[in-house]
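Novice: My structure is below; once you've seen it, I'll send some questions.
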Amino acid sequence: MKAINRRAAQGGFSLIEVLIGIVVLAIVAGAIAQGFASSSATIGRSRVDTAASTLASARLDQTHRASYEDVGTVGGNPPGVFVADETRTVSGTRYAITTSVEFVDDPALGQPRTYVNYKKVTVTVTPQVPNPKPITETTVISPPSFGAIAGKATAVITVRDAITDEPLSGVWVTVDGSTSASRTGRSDSTGAIVFAGLDPSNPNPASPLYWYRASASLAGYVTHPDTLPTTIRQHLAASQTWNATIRMFKPARIAVNLYDKATDTIIDDPASVTVTLPSPSTQTETRTGSAGSFIFDTVAGGAIEPSASNTTISVSSECYAPASSQTGKVPETGYPTTTSRTFTFDLEPIPHGNLKVTVVRYSTSAPIPTAQVTVSGGPAAPTPATRSVDSSGLVSYCLPPSGATNYTVQATAPGYSVGYRYAAIANGGDTLLTIVLVPATSTGTIRVNATSSGLTVRLTSTTFGYDFYLLTTSSGPGPGHADFTGLAPGNYSASVATAFSGGQPTAWSTPVRNVTLSGSSASVSVP
Numbered sequence: 000m001k002a003i004n005r006r007a008a009q010g011g012f013s014l015i016e017v018l019i020g021i022v023v024l025a026i027v028a029g030a031i032a033q034g035f036a037s038s039s040a041t042i043g044r045s046r047v048d049t050a051a052s053t054l055a056s057a058r059l060d061q062t063h064r065a066s067y068e069d070v071g072t073v074g075g076n077p078p079g080v081f082v083a084d085e086t087r088t089v090s091g092t093r094y095a096i097t098t099s100v101e102f103v104d105d106p107a108l109g110q111p112r113t114y115v116n117y118k119k120v121t122v123t124v125t126p127q128v129p130n131p132k133p134i135t136e137t138t139v140i141s142p143p144s145f146g147a148i149a150g151k152a153t154a155v156i157t158v159r160d161a162i163t164d165e166p167l168s169g170v171w172v173t174v175d176g177s178t179s180a181s182r183t184g185r186s187d188s189t190g191a192i193v194f195a196g197l198d199p200s201n202p203n204p205a206s207p208l209y210w211y212r213a214s215a216s217l218a219g220y221v222t223h224p225d226t227l228p229t230t231i232r233q234h235l236a237a238s239q240t241w242n243a244t245i246r247m248f249k250p251a252r253i254a255v256n257l258y259d260k261a262t263d264t265i266i267d268d269p270a271s272v273t274v275t276l277p278s279p280s281t282q283t284e285t286r287t288g289s290a291g292s293f294i295f296d297t298v299a300g301g302a303i304e305p306s307a308s309n310t311t312i313s314v315s316s317e318c319y320a321p322a323s324s325q326t327g328k329v330p331e332t333g334y335p336t337t338t339s340r341t342f343t344f345d346l347e348p349i350p351h352g353n354l355k356v357t358v359v360r361y362s363t364s365a366p367i368p369t370a371q372v373t374v375s376g377g378p379a380a381p382t383p384a385t386r387s388v389d390s391s392g393l394v395s396y397c398l399p400p401s402g403a404t405n406y407t408v409q410a411t412a413p414g415y416s417v418g419y420r421y422a423a424i425a426n427g428g429d430t431l432l433t434i435v436l437v438p439a440t441s442t443g444t445i446r447v448n449a450t451s452s453g454l455t456v457r458l459t460s461t462t463f464g465y466d467f468y469l470l471t472t473s474s475g476p477g478p479g480h481a482d483f484t485g486l487a488p489g490n491y492s493a494s495v496a497t498a499f500s501g502g503q504p505t506a507w508s509t510p511v512r513n514v515t516l517s518g519s520s521a522s523v524s525v526p
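Numbering that gives the first Met the number 0 numbers the first residue of the sequence shown as 0 and each following residue consecutively.
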């Protein structure tokens with residue numbers, strides 16, 4: 000370059016010639032550098048490959064030097080002392096080493112089939128570099144003598160889909176419970192896995208080592224109940240082969256949505272959904288709630304098995320006319336890709352009002368989440384409905400309008416007094432009641448005495464929000480009386496009905512106030 004520059008300075012070359020020369024030299028220099036880089040990369044790759052081959056050969060040498068019984072992987076099938084997956088670093092490069100050992104079924108002519116004629120060891124070493132080239136080496140190891148493999152037992156476990164009867168590959172299968180250590184491996188493309196070289200079971204039926212057990216695990220699947228537990232266990236004698244099949248399936252999901260037909264929106268009123276699975280299980284489960292959407296991943300505590308037979312869904316809601324049931328396959332089509340089905344109901348609303356009852360503790364107004372509320376009476380006198388409150392002490396009912404006959408609302412909770420109220424339900428409205436319960440280690444009874452039997456007498460307490468009435472009876476002493484039980488100690492008022500409309504009390508006598516319950520019982524007379 001200096002010579003070129005000097006000649007140019009002397010006028011020997013034109014400026015164009017000088018520039019062309021510079022470009023040519025740059026191209027030549029780049030080619031030379033590229034050649035050096037390519038050569039360097041080739042040398043580097045060769046070194047990496049050599050190191051990988053060396054690691055693979057070293058692992059095979061280890062297996063040849065090990066005891067035949069130790070040739071296997073930790074927790075593998077067969078088990079042994081070698082780690083299935085590990086990483087080594089050589090000259091700054093990391094290598095992933097995978098070791099697999101399997102029994103080979105290759106009996107000699109005339110010899111019994113043992114499935115354990117020798118062991119095949121495969122080692123794969125993969126450099127952790129861009130575009131890695133794995134190195135794989137294999138060897139076989141023969142047993143020291145026929146006696147080393149004679150008298151062993153074998154379990155051949157096949158896993159199949161219980162719905163399609165197709166084999167399931169890649170399933171983790173475990174055989175354990177008897178004299179050999181636990182074995183685990185994955186099923187092959189035929190759904191099968193062989194556990195060979197097992198020690199015979201303990202011959203004593205009372206021994207906990209008398210049975211070998213087989214189990215399977217695959218993400219998204221469960222074992223079919225027909226498979227468990229006794230069909231997948233076996234007592235194995237010397238030279239015995241146990242063939243067993245484990246059936247698994249993907250559980251189904253049932254979704255039920257309840258819509259208000261008038262508004263085409265999900266309902267938010269109390270409703271009940273019952274799912275009945277088809278034969279042969281015919282399991283049934285009923286769930287209640289106010290969300291309008293119900294999800295069933297289990298029925299009666301068990302996974303839902305997809306079925307070609309019809310599942311039955313029945314729904315009801317207090318606020319809506321009875322709905323007919325629906326039946327259908329779950330899933331409808333597409334198993335195992337599809338495992339769910341949604342059932343939708345359009346419910347016809349009927350005249351109703353909402354009763355919302357909150358049960359709280361006296362003096363603190365804290366909710367009592369252990370309380371139960373029972374609603375009875377009303378115009379149709381339905382069967383009393385008892386429900387548990389939620390964590391906020393609230394429970395809801397959807398009821399026909401009460402008209403001339405109010406509903407009776409009772410609240411109870413362990414360790415508390417009993418609470419009563421009456422509720423008038425209007426069409427389309429919300430009736431809010433709060434019932435106060437008093438903590439009581441012991442409750443008492445107030446007897447209200449009247450002039451005759453068959454009278455309606457009432458006991459109230461503004462302190463506790465207590466309000467209840469009963470008919471007097473002629474049993475026992477006196478012309479007529481009624482016993483109000485489960486009461487908390489405190490002050491009450493008593494009166495007798497003086498007017499009725501449609502069987503409902505509409506007027507009461509002047510109440511006798513300050514009826515005090517301080518012990519187990521008290522009494523008061525009303526005019």
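Quick reminder that beta carbons are idealized off the backbone N, C-alpha and C, glycines included.
In whole angstroms, give me the CA-to-CA distance for A370 and V417.
Specialist: Distance between the alpha carbons of A370 and V417 is about 10 Å.
Novice: For the ligand FAD, is there any heavy atom lying closer than 7 Å to the beta carbon of I253?
Specialist: The ligand FAD is absent from the structure shown, which contains no ligand whatsoever.
Novice: How many Å lie between V82 and A251 at the Cα?
Specialist: Straight-line Cα distance between these residues: approximately 38 Å.
Novice: Since L208 and E136 are thought to touch, with beta carbons under 8 Å apart, how far apart are those beta carbons, to the nearest angstrom?
Specialist: Actually they do not touch by this definition, with Cβ atoms about 38 Å apart.
Novice: Kindly identify the DSSP beta-bridge partner or partners of H480.
Specialist: Per DSSP, N448, T472.
Novice: With distance defined between alpha-carbon atoms, name the residue in T461, L469, T462 nearest to T455.
Specialist: The residue with the shortest Cα to Cα distance from T455 is L469.
Novice: In the DSSP assignment, the beta strand (DSSP E) including S292 goes from what residue to what residue?
Specialist: It spans 292-295 - the beta strand (DSSP E) in which S292 sits, taken as one unbroken run.
Novice: Keeping to the same chain, check which residues put their C-beta closer than 7 Å to that of P277; ignore five residues upstream and five downstream.
Specialist: Excluding sequence neighbours, P277 sits near S306, S308, N309, T310.
Novice: Would L436 pass as a contact of A403 if the rule is Cβ separation under 8 Å?
Specialist: Not closer than 8 Å, so no.
Novice: Are the region 208-220 and the region 165-173 touching, with three or more C-beta to C-beta distances below 8 Å?
Specialist: Cβ pair count under 8 Å is three or more, so yes.
Novice: Which term fits I349, buried or exposed, when burial requires 16 or more other beta carbons within 10 angstroms of its beta carbon?
Specialist: Burial call: exposed.
Novice: So does the region 395-402 actually touch the region 439-446, counting three or more Cβ pairs closer than 8 Å?
Specialist: No: the two stretches stay apart, fewer than three of their Cβ pairs being nearer than 8 Å.
Novice: What is the DSSP secondary structure of T226, reduced to helix, strand or coil?
Specialist: Three-state result, T226: helix.
Novice: For the region 129-199, list the beta strand (DSSP E) runs that are entirely contained and at least 3 residues long, ordered along the chain.
Specialist: The region 129-199 contains these whole beta strand (DSSP E) runs: 134-140, 152-160, 171-175, 182-185, 191-197.
Novice: Pull up the distance between the alpha-carbon of V495 and that of A506, whole angstroms please.
Specialist: Roughly 9 Å between the two C-alpha positions.
Novice: Which residues mark the beginning and the end of the beta strand (DSSP E) in which Y396 is found?
Specialist: Where Y396 is concerned, the enclosing beta strand (DSSP E) stretches over 393-398.
Novice: Tell me which residue opens and which closes the beta strand (DSSP E) that V89 is part of.
Specialist: 84-89 is the extent of the beta strand (DSSP E) around V89.
Novice: Suppose you measure from the CA of H234 to the CA of V274; what does that come to, to the nearest Å?
Specialist: Near 40 Å, if we compare the C-alpha coordinates of V274 and H234.
Novice: Quick one: is K132 buried, meaning 16 or more other Cβ sit within 10 Å of its Cβ, or exposed?
Specialist: That one is exposed.
Novice: Taking buried to mean at least 16 other C-beta atoms within 10 Å of its own C-beta, is R185 buried or exposed?
Specialist: Label assigned to R185: exposed.
Novice: Give a yes or no on contact between the region 328-348 and the region 359-370, applying the rule of three or more CB pairs nearer than 8 Å.
Specialist: Short answer: they don't touch.
Novice: Buried or exposed for R112, please, with buried defined as at least 16 other CB atoms from any protein chain shown within 10 angstroms of its CB.
Specialist: R112 should be labelled exposed.
Novice: Our contact map puts A213 next to I245 with C-beta atoms below 8 Å; I'd like the distance itself, whole angstroms only.
Specialist: Indeed, because the Cβ distance is near 6 Å, the residues count as touching under 8 Å.
Novice: Which residues in the same chain have their Cβ closer than 6 Å to the Cβ of I530, if we skip the five residues on either side of it in sequence?
Specialist: As displayed, the chain neither begins before 0 nor continues past 526, which places residue 530 out of reach and without an answer.
Novice: Rounded to the nearest angstrom, what separates T125 and G71 at their Cα positions?
Specialist: Spanning the two alpha carbons is a distance of roughly 20 Å.
Novice: Considering Cα atoms alone, identify which of P199, S271, I231, R232 is closest to S238.
Specialist: It is P199.
Novice: Which residues does DSSP pair with E284 in a beta bridge?
Specialist: DSSP output for E284 lists V274 as bridge partner(s).
Novice: With a CB to CB cut of under 6 Å and the five nearest residues on each side skipped, what residues in its chain are close to E85?
Specialist: Excluding sequence neighbours, E85 sits near I96.
Novice: Cutting at 6 Å between CB atoms, please list the residues of its own chain near A55, excluding the five before and the five after it.
Specialist: So the list reads V122, V124, I134, E136, once near-sequence residues are dropped.
Novice: Report the three-state DSSP secondary structure of E101 (helix, strand or coil).
Specialist: Correct three-state label for E101: strand.
Novice: Could you work out which residue in G75, G74, Y94 is closest to R46 when comparing CA atoms only?
Specialist: Per the Cα distances, Y94.
Novice: Could you tell me which of K151, T283, T98 sits nearest to S179, measuring between CA atoms?
Specialist: Nearest of K151, T283, T98 to S179, Cα basis: K151.
Novice: Hey, out of A205, A261, R159, whose CA is closest to G190's CA?
Specialist: Checking every option, the nearest Cα to that of G190 belongs to R159.
Novice: Give me, in chain order, the residues of the same chain whose beta-carbon lies closer than 6 Å to that of P488; leave out the 5 immediate sequence neighbours on both sides.
Specialist: Around P488: L516, S517.
Novice: Residues in its own chain within less than 8 Å of W210 by CB, not counting five upstream and five downstream?
Specialist: The answer, listed in chain order, is G176, S177, S200, R232, Q233, H234.
Novice: Closest by CA to T459, which one among V514, V255, F499, Y415?
Specialist: The shortest Cα separation from T459 among V514, V255, F499, Y415 belongs to V514.
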